[in-house]
Each structure stands twice: as structure tokens, then as C-alpha cells.
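Report on the structure given below.
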Amino acid sequence: MGIVIWALFPFPTSSPSQVHNSTQYIDPDWVFPSDSDPTALLPDFPTIVVDVMPSVVALTTETSVRSFFGQSTEYTVGSGIITDDNGYIVTNNHVVENARSIYVELDDGRILSANVVGTDQLSDIAVIKIDAADLPYVYWGDSGALSVGDWVLAIGNALGGGGGATQGIVSRLNVSVNIDGNTLYGLIQTTAAINPGNSGGPLVNMSGDVVGITSIKIVASEVEGIGFAISSDEAKPIIQDLIRYGHVTHPWLGVWAQTVNPLLAAAMNLSVDSGALILEVVNDSPADIAGLIENDIIINFGGQEVNDIADLIRAIRANEVGEEVEMVFIRGENTETTSARLVEYPTS
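Okay, structure coming up:
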């Protein structure tokens, strides 16, 4: 059997006279268009590290642990961020929680004991203080100005080995992650390597400003390069309350909810594809008293649009305990309005 060449490479329908192989169409000087300087693609990481590192401390905590064999001491390492020249240091709550003693190693090698100023388990933020003055400190930047793809540096006491830095980019913004039943909202996801000991250290932008507090990473055999930081915009009001009052008072609505997205809306035949879907209403809570029920979808809270659960949490925390707040919600096909008087978040 012969090979049918034309079936694979059809002959052109035009005659040779119609094909123009003229030099008028070539350009010997052609190059790919470029609007950037290839020598300026990477930021000046060393200068940023030199500027920020003196304001980052290594933490070691001692915690009493009771076991079958009796009482023992457990040591945990972490990082902290010097926030002013009088010794206030920001870190994660989980780094200092239940600590019997806290020791801070400064960049100049000094080791000082620290006292807890205040902690907030819901946001995983804590402030401690050392007895020192004229300390180097960092400036807190605007995490709301970040975009996916921006360069960032994570600086801290990785693996307890002292100050170190890792570079990465912003992978996602406004991420929610559930840790041991507590959901952290408004997180920055980054490819910068975050290891044990980094917790509580700064995530900085290319101006050397803190845009996040490195907090957690996902550890699994199939997962690589996924770390999270508490955004500076979420952290700053918490830090300020801890320093001013020693605690944070969170307003509470009293619902368990999840984000409505198009996939969930289609699966549950919902009438909207965004909002906060109520899964459970706590008995005698402000939400219960306001008449909210399971499967209601909150779409506006206190005048703020609610597209997801993070929006709802942010809107609740923007109000004060005791404040009466109007809510717009979807029940079935109907849009309804109610109001709730917020109370303080229950501690137990």
C-alpha cells in the first residue's frame, strides 16, 4: 500500500505565483518586546534584612508539663517583633501561651526575661515586654496594599538557630484557616519558607515594613511551600488594645457560619451565590434573640457588604460590645432585615 502524503500535508490551493518569499517581510534586528530592565528584576534583599534584623528577637519559653512520669519542663522557640523603643514585642499567642518563663535574645546578643502584657487567643496575637530602652524597632505597613505576586521576606528564629531570612511571594490574600477549632481570618499566604521557630516573626514588604506576623504552615507530605501570616491590618488594632488595656474585647453575634460560593449555592439550591450561610445559632445569643435561624444567609452587617465569612467576622469586630447592629439576610427567596445587640465574646 502506498503512503498518502497529501492526507498528512495537504497541498496548497494557491499557485506558486501567489506565495511571496520576499525580504521585505524580514527584520534582522527584531527582538522580543521588553518593558523592564533584566538587571533590576530582584529587589535588594540584603539591605532589607540588615535594616529589619535588629528589630527581630528570638524567644525561648519554659512551660511546665505534667505527665505519667511527673512534672517536667518543656522548651519552645519562637520569634518576636520589637514594636517600639521601650521594649514592647509582638509575637504569637501560641508561642507564649501557658509559659512559666519567657526569655528574649536580642540581635546584639543580650538575653533578657520578658513579661506578658496581654494575649488574644482568637487572633493568635500576644504582646510581651522587656526592661530595655532605646531599642531598634520596625514600622508596620499596610497589608491592604499587597497584591498576589508581591515579594516578601520572612525573618525569624527558624528551628531555634537564630535570626534568618527566607524570600517568597504573596500567593493568596484574605485566607481563612481553621487551627484546632479556632479560625484565623484575613491571612496572607506566602511561599516564603516558614519553619518552627519562625512563629511570631515579621513578614516584611520590599520597603522593610511589617505586613504580617508569620504564624502557621500546613505540614503534609503532599504540601509544599504554603505558609501563612496574620495581616498587619488585622493585627494592628489587636496589638494596640493589648498594649493599652492588656486584653481585647471581641463583640459576639453567636453564629457558626460558612462562606457561600457558586459551587455551594448550586449544591444547596441557594438563591444567592455569596454571603455567610448560618450553620448553627447559639441559644440565647444575640443572633438567636434577633430571630436568625439555620440556613439564613447574612449579606450585609452594619452597612458592610458580606460576601464571605471573613467579611462577616471583620464587620462584627468593627462594632462595639453593646451596640445595636442592623443585618440584612436571605431566607429562602426573601430578603429580610433584623438587628442584634452584640455582647462580649464568651470566654468559656
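Counting in my numbering, the sequence shown runs from -8 upward without gaps.
Don't be surprised by glycine CBs; every beta carbon is placed ideally from N, CA and C.
- Taken through DSSP and simplified to helix, strand or coil, Asp111 comes out as strand.
- Straight across, the Cα-Cα distance linking Ser206 with Pro19 is about 54 Å.
- Taking each of Ile39, Leu255, Val334 in turn and checking the Cα distance to Glu311, the smallest one comes out for Val334.
- Listed in chain order, the alpha helix (DSSP H) elements of length 4 or more contained wholly in the segment 67 to 101 are 84 to 87.
- Boundaries for Val40: no beta strand (DSSP E) harbours it, while the alpha helix (DSSP H) harbouring it runs 36 to 43, taken from the DSSP string.
- The criterion of a C-beta distance shorter than 9 Å is satisfied by Gly188 and Ala149.
- Ile289 sits in a strand when the DSSP states are folded into three classes.
- Scanning its chain for C-beta atoms nearer than 7 Å, with the 5 sequence neighbours on each side dropped, one finds around Gly153 the residues Ala49, in chain order.
- Non-local C-beta neighbours of Ser222 in its own chain, meaning closer than 6 Å and more than five positions away in sequence, comprise Ser134, Gly177, Ile179, Gly203, ordered along the chain.
- For Met318, the uninterrupted beta strand (DSSP E) segment begins and ends at 315 to 322.
- Taking a contact as a CB-CB distance under 8 Å, the pair Ile230 and Val81 counts as one, their CB atoms being some 6 Å apart.
- Ranked by Cα distance from Asp98, the options Glu65, Ser46, Thr64, Asp264 are led by Ser46.
- DSSP assignment within the segment 264 to 313 yields the following whole alpha helix (DSSP H) runs of 4 residues or more, N-terminal first: 277 to 280, 300 to 308.
- Secondary structure at Gly155: strand, using DSSP grouped into helix, strand and coil.
- Out of Glu285, Ala267, Asp264, the CA that lies nearest to the CA of Asn274 is found in Glu285.
- Asp302 sits buried, since 16 or more C-beta atoms from the chains shown fall within 10 Å of its C-beta.
- Counted as a single uninterrupted DSSP element, the beta strand (DSSP E) harbouring Ile121 occupies residues 116 to 121.
- Bounds of any alpha helix (DSSP H) do not take in Ile217, whose DSSP letter is neither H nor E.
- Per DSSP, Ala183 lies in no alpha helix (DSSP H) and is assigned neither H nor E.
- Of all alpha-carbon atoms in Asp35, Ser114, Thr67, Tyr94, the one lying nearest the alpha-carbon of Leu144 is that of Asp35.
- In this structure Leu233 is not in contact with Val161, their Cβ atoms being roughly 26 Å apart against a cut-off of 8 Å.
- Note on geometry: alpha-carbon atoms of Asp42 and Pro127 lie some 10 Å from one another.
- With at least 16 other beta carbons inside 10 angstroms of its own, Ser114 counts as buried.
- In terms of Cα proximity to Ile321, the closest of Ile290, Gly237, Thr38 is Ile290.
- Pairing Ala226 with Leu283 gives a Cβ-Cβ distance that is not under 9 Å.
- A residue is called buried once 16 or more other Cβ atoms fall within 10 Å of its Cβ, and Phe292 is buried on that count.
- Checking the DSSP bridge columns, you'll see Ser58 partnered with Gly61.
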